[in-house]
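Reviewing the structure listed below.
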Amino acid sequence: MPTIASKTIVLPTELDRLSELEAIVAEMLAHAPDLPEREIVQYNVVLALHELCVNIIKHAYAGEKRQFSVVFDLMCDPTRIQIDTYDNGGNRFDMAAWQTPNLDDPPIHGLGIFLMRQLMDEVTYESLPTGNHWRLVKLLTADAIC
Numbered sequence: 139m140p141t142i143a144s145k146t147i148v149l150p151t152e153l154d155r156l157s158e159l160e161a162i163v164a165e166m167l168a169h170a171p172d173l174p175e176r177e178i179v180q181y182n183v184v185l186a187l188h189e190l191c192v193n194i195i196k197h198a199y200a201g202e203k204r205q206f207s208v209v210f211d212l213m214c215d216p217t218r219i220q221i222d223t224y225d226n227g228g229n230r231f232d233m234a235a236w237q238t239p240n241l242d243d244p245p246i247h248g249l250g251i252f253l254m255r256q257l258m259d260e261v262t263y264e265s266l267p268t269g270n271h272w273r274l275v276k277l278l279t280a281d282a283i284c
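Under our numbering, the first residue of the sequence shown carries the number 139, and numbering increases by one thereafter.
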């Protein structure tokens with residue numbers, strides 16, 4: 139799995155700092171100049187990542203002033219952007235207990251994972267001894283970069 143571009147950032151648990159994510163996603167996707175529907179792909183990736191980071195700040199850290207890592211990789215075989223987050227917030231997520239929301243009677247909150255799954259090709263969660271690990275993957279059709 140060759141990596142074309144990679145970047146790691148550490149973000150504080152401050153919602154106003156999440157605006158930095160859009161520029162990094164754009165920087166990663168710039169390595170795929172022939173990417174069809176670039177604006178839509180970029181918007182979807184940023185929206186899913188933003189939702190994930192809001193959940194980390196609000197739920198994993200429950201408002202504590204801390205930091206978490208976001209690792210961006212643009213990869214081949216298959217061509218994709220892969221984003222991993224790592225936090226050591228005290229609250230773990232029970233993915234097995236998560237249920238698809240009833241969209242006929244949608245809840246006011248709790249649509250984040252559903253939204254991420256609609257926007258991305260893969261959304262996974264792993265509880266590690268050191269904290270939480272989330273992975274978002276968006277498959278790309280930009281064959282020219284690999």
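The C-beta atom is built at its ideal place from N, Cα and C for all residues, glycine as well.
Practice task
Identify every residue that forms a DSSP beta bridge with residue 150.
Solution key: Numbered from 1 along the sequence shown, position 12 holds the residue referred to as residue 150. In DSSP, residue 150 forms a bridge with 205.
Exercise for the section: Consult DSSP for residue 260 and reduce its assignment to one of helix, strand or coil. Expected result: For this step, residue 260 is matched to residue 122 along the sequence shown. Three-state result, residue 260: strand.
Handout entry: Length at least 3, wholly inside the region 141-202: the beta strand (DSSP E) runs in chain order
Key = 141-150
Handout entry: According to DSSP, residues forming a beta bridge with residue 221
Key = Here the question's residue 221 lines up with position 83 in the sequence shown. Its beta-bridge partners are 210 and 274.
Practice task
From the DSSP output, in three-state form, read off residue 119 for me.
Solution key: With the chain running from 139 to 284 in the structure shown, residue 119 is simply not present.
Exercise for the section: Measure the alpha-carbon distance for residue 254 versus residue 189 and round it to whole angstroms. Expected result: Along the sequence shown, one-based indexing puts residue 254 at 116. Along the sequence shown, one-based indexing puts residue 189 at 51. Residue 254 and residue 189: Cα-Cα distance of roughly 7 Å.
Practice task
Within the same chain, show all residues whose beta-carbon is closer than 6 Å to that of residue 156, passing over the 5 residues directly before and after it, in chain order.
Solution key: One-based indexing of the sequence shown puts residue 156 at position 18. Hits under 6 Å: 188 and 191.
Exercise for the section: Give every residue of the same chain whose Cβ lies closer than 6 Å to the Cβ of residue 250, excluding the five residues on either side of it in the sequence, and list them in chain order. Expected result: Start at 1 with the first residue of the sequence shown, and residue 250 comes out as number 112. Counting only Cβ-Cβ distances below 6 Å, and skipping sequence neighbours, we find 189 and 193.
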